[in-house]
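A quick write-up on the structure given underneath.
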Amino acid sequence: MTRQDTITAAAGPFNEDLDMIRDQLRRFIQTEVTAKADAWEEEGMVPRDVLRRMGELGVLGMRYDEEYGGAGLDVMSSVVLAEEVGRSTFGGFAATVLVHTDMASPHLENAGTPEQKARWMPSITSGKKIAAVAVTEPGAGSDVAGMRTRAVKDGSDWVLNGTKMFITNGVHGDIFFVGAKTDPDAKGSRGITMFAIEKGTPGFSVGRALNKTGWLCSDTAELIFEDVRVPAGDVLGEVNKGFYSVMKNFQNERIVLGAMACAEAQTALDMTLDYVRQRKAFGGVLWDKQAIRQRLADCQTRIEAGRQLVYHAARQDAAGRDCVKEVSMVKAYCGELVNSVLYDCVQFHGGMGYMRETPVERMSRDARVQAIGGGASEVMLEEVAKRM
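Here it is as structure tokens:
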């Protein structure tokens, strides 16, 4: 049992079924991901057969109805998934999976009709089709209300024009849940509608694959929509009410990002503890130095605080309570936490921490986006401030 296992077992709000899922996921990730993903960093994508095998394990649709290949579980199953993919040490792999399971496909679950779910959900839960959500734009990141992509009614169809940016799973994804402004006269966040658009739809293309600092094995793209015709039957939810769908799903997204960040921080800390207990210096090992022990003890304390904050927010969400403040705290705190912990982990690895052959070097690059994506820390703190 690792240090993280001991903490999670003592404090985690999980049951036998979730513990079994965790064990199954951990074995799969150790043999099929951690041992192989260095090559994926070079290739710029997670192999689709790996995702399909995760679908066969039943972990890509745990929140969805059994009739669609799901398991009907609640948000705690997403927390387990996020923690285990976070432990892989490959942020790009974690992002690929979690965007599919907990950031994109929930739009179909929350707003889709029975016909739409029957059409797309089985292939999503099985991993045969990988999902992406396309809301962010070059001039509208956390500010969803600033969206400029337009959809205009033409007969019974809608015609979309615009550009989306920083879209995870954008290069190799199969189905995209796309936000567009459908009422240009509506103020602020009003007048946005969500659409389901499949790869290969005329006028829809990948503008370019994006070259990132970290998360190298996740495929990230700029997407172009030029007179893309979308049937009325592919509208998700109510016309002009898409902003509320985006905001609702942000809650889930931010919980799983917090869980992922805490797991990454704990894994990096465990690696660093092992290193400083072996690294000889000044007649002993680095662990003998009080300054180092106390810095790492502070890291462990803050990680545990973040983990408990994630669990608390997840329990509130599972109970159907209003927890926007708590979830915003999770995203702000954990996004900064993983960066702070990785800074110390690189520091105490010394020169080796700056080498590409060391996992903490990769993890430190991967961590940087955690304070940006899914709601920047500053935006999250404003959400907290509004509710104080």
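Position 330 of the sequence shown, counting from 1, maps to 330 under full-length UniProt numbering, and the rest follow consecutively. Glycine included, every Cβ here is placed at the ideal spot set by N, Cα and C. This one's a predicted model, so the numbers in the text were calculated from it and none came from an experiment.
Only counting runs of 4 or more residues, tell me where the alpha helix (DSSP H) segments fall wholly within the segment 51-90, in order along the chain. Runs of the alpha helix (DSSP H) inside the segment 51-90: 75-86.
So what does DSSP say about G155, is it helix, strand or coil? Stepping through the sequence shown from its first residue, residue 155 is reached at position 155. It is coil, neither helix nor strand.
E198 beta carbon less than 8 Å from that of I167: As a working note, residue 167 is residue 167 in the sequence shown. As a working note, residue 198 is residue 198 in the sequence shown. For I167 and E198, no; Cβs fall outside 8 Å.
For the segment 335-353 against the segment 318-326, are there 3 or more C-beta pairs whose distance is under 8 Å? The segment 335-353 is not in contact with the segment 318-326.
Cα-Cα separation, F250 to V310: Translated into positions along the sequence shown, residue 250 becomes position 250. Translated into positions along the sequence shown, residue 310 becomes position 310. Each residue's alpha carbon lies about 14 Å from the other.
Quick one: residues in its chain with C-beta nearer than 8 Å to the C-beta of C217, no 5 flanking neighbours on either side, listed in chain order? Looking up residue 217 in the sequence shown gives position 217. A37, W40, E41, E43, G44, M45, V46, F90, G92, F93, T96, listed in sequence order.
Can you look up P13 in the DSSP assignment and give me helix, strand or coil? Reading the sequence shown from its first residue, position 13 is the one you call residue 13. For P13, the three-state secondary structure derived from DSSP is coil.
Quick one: grab the DSSP three-state call for I255. Locating residue 255 in the sequence shown gives position 255, where the first residue counts as 1. The three-state reading of DSSP puts I255 in helix, counting H, G and I together.
Note down, in chain order, each residue of its chain lying with its Cβ closer than 6 Å to the Cβ of S78, except the 5 sequence neighbours on either side. The count along the sequence shown starts at 1 and reaches residue 78 at position 78. Once the five neighbours on either side are set aside, the close Cβ partners of S78 are D102, V256.
Between which residues of its own chain and C262 is the CB-CB distance below 8 Å, once the five residues before and five after are set aside? The residue you call residue 262 lines up with position 262 of the sequence shown. Excluding sequence neighbours, C262 sits near E83, G86, I303, G306, R307, V310, C334, L337, V338.
Could you tell me if the beta carbon of K199 falls within a distance shorter than 7 Å of some heavy atom in the ligand SAH? In the structure on display, the ligand SAH does not appear, and there are no ligands present to speak of.
Could you tell me whether the Cβ atoms of G214 and V369 are closer together than 8 Å? For the purposes of this step, residue 214 is taken as the residue at position 214 of the sequence shown. For the purposes of this step, residue 369 is taken as the residue at position 369 of the sequence shown. In contact: G214 and V369 (Cβ atoms closer than 8 Å).
R368 - containing alpha helix (DSSP H), residue span: Position 368 of the sequence shown, counting from 1, holds the residue named residue 368. Element bounds for R368: n/a, residue is neither H nor E.
Using a 10 Å radius around the Cβ and a threshold of 16 neighbouring Cβ atoms, would you call R254 buried or exposed? Counting from one through the sequence shown, the residue named residue 254 turns up at place 254. With 16 or more Cβ atoms within 10 Å of its Cβ, R254 is classed as buried.
Using a Cβ-Cβ cutoff of less than 6 Å, which residues in the same chain neighbour M260 once the five nearest sequence positions on both sides are dropped? The residue labelled residue 260 in the question sits at position 260 within the sequence shown. Only A82, G86, A94 meet the Cβ criterion.
Between V235 and F204, which are expected to be in contact by the criterion C-beta below 8 Å, what is the C-beta distance as a whole number of angstroms? The sequence position of residue 235 within the sequence shown is 235, counting from 1. The sequence position of residue 204 within the sequence shown is 204, counting from 1. That belief does not hold up - the Cβ atoms of V235 and F204 are roughly 16 Å apart, past 8 Å.
Local Cβ density within 10 Å of E357, reported as buried at 16 or more and exposed below that: Translated into positions along the sequence shown, residue 357 becomes position 357. With fewer than 16 other beta carbons inside 10 angstroms of its own, E357 counts as exposed.
From G139 to M147, what distance separates their C-alpha atoms? Here residue 139 refers to the residue found at position 139 when the sequence shown is read from its first residue. Here residue 147 refers to the residue found at position 147 when the sequence shown is read from its first residue. In a straight line, the C-alpha of G139 is about 8 Å away from that of M147.
Within its chain, find whatever has a CB closer than 6 Å to the CB of P231; leave out the 5 residues flanking it on each side and keep chain order. As a working note, residue 231 is residue 231 in the sequence shown. In its chain, beyond the 5 residues on either side, D157 have a beta carbon closer than 6 Å to the beta carbon of P231.
If you reduce the DSSP assignment to three classes, tell me which class L381 lands in. On the sequence shown, position 381 is the one that residue 381 refers to. Three-state result, L381: helix.
Between the alpha carbons of N169 and G283, how many angstroms are there, rounded? To locate residue 169, count along the sequence shown from 1; it is residue 169. To locate residue 283, count along the sequence shown from 1; it is residue 283. Whole-angstrom Cα-Cα distance: 50 Å.
Going by beta-carbon coordinates alone, are G242 and M194 separated by less than 8 Å? One-based indexing of the sequence shown puts residue 242 at position 242. One-based indexing of the sequence shown puts residue 194 at position 194. Going by C-beta atoms, G242 is nearer than 8 Å to M194.
Can you pull the DSSP bridge partners for P231? What you label residue 231 is simply residue 231 of the sequence shown in a count that begins at 1. Beta bridge pairing from DSSP links P231 with D157.
Considering only the alpha carbon of each residue, which of A291, C299, G233, T272 lies closest to residue 399? This structure cannot settle anything about residue 399, because the visible part of the chain is limited to 1 through 388.
Name the two residues that bound the continuous alpha helix (DSSP H) containing T201. For the purposes of this step, residue 201 is taken as the residue at position 201 of the sequence shown. Element bounds for T201: n/a, residue is neither H nor E.
Taking only the alpha-carbon atoms, compute the straight-line gap between S123 and G237 and give it to the nearest angstrom. Within the sequence shown, residue 123 is the residue found at index 123, counting from 1. Within the sequence shown, residue 237 is the residue found at index 237, counting from 1. Straight-line spacing of the CA atoms in S123 and G237 works out to 20 Å.
When DSSP labels each residue in this structure, what does R208 get in the three-state scheme? The sequence position of residue 208 within the sequence shown is 208, counting from 1. Here R208 sits in strand by DSSP.
For the beta strand (DSSP E) that contains F177, what are its first and last residues? Mapped onto the sequence shown, residue 177 falls at position 177. In the DSSP assignment, F177 falls within the unbroken beta strand (DSSP E) covering 175-181.
Cα separation between residue 390 and D344? Not covered by the structure: residue 390. The range shown for the chain is 1 to 388.
Grab me the residues of F28's own chain with a C-beta within less than 8 Å of its C-beta, minus the 5 sequence neighbours each way, in chain order. For the purposes of this step, residue 28 is identified with residue 28 of the sequence shown, where counting begins at 1. For F28, where only same-chain residues beyond five positions count, the Cβ hits under 8 Å are R53, M54, L57.
What is the residue span of the alpha helix (DSSP H) that A313 lies within? Against the sequence shown, residue 313 aligns to sequence position 313. From DSSP, the alpha helix (DSSP H) with A313 extends over 290-318.
Rounded to a whole number of angstroms, what is the C-alpha to C-alpha distance between V99 and T301? Translated into positions along the sequence shown, residue 99 becomes position 99. Translated into positions along the sequence shown, residue 301 becomes position 301. For V99 and T301, the distance between alpha carbons rounds to 29 Å.
Determine the contact status of V330 and R387, defining contact as a CB-CB distance below 8 Å. The count along the sequence shown starts at 1 and reaches residue 330 at position 330. The count along the sequence shown starts at 1 and reaches residue 387 at position 387. By the CB criterion at 8 Å, V330 and R387 fall outside the cutoff.
D366 classed as buried or exposed, judged by whether at least 16 other C-beta atoms fall within 10 angstroms: As a first step, residue 366 must be located in the sequence shown, where it is residue number 366. Looking at its Cβ environment, which holds 16 or more other Cβ atoms inside 10 Å, D366 is buried.
Quick one: give me the first and last residue of the alpha helix (DSSP H) that A376 is part of. Within the sequence shown, residue 376 is the residue found at index 376, counting from 1. Unbroken run through A376: none, as it is neither H nor E.
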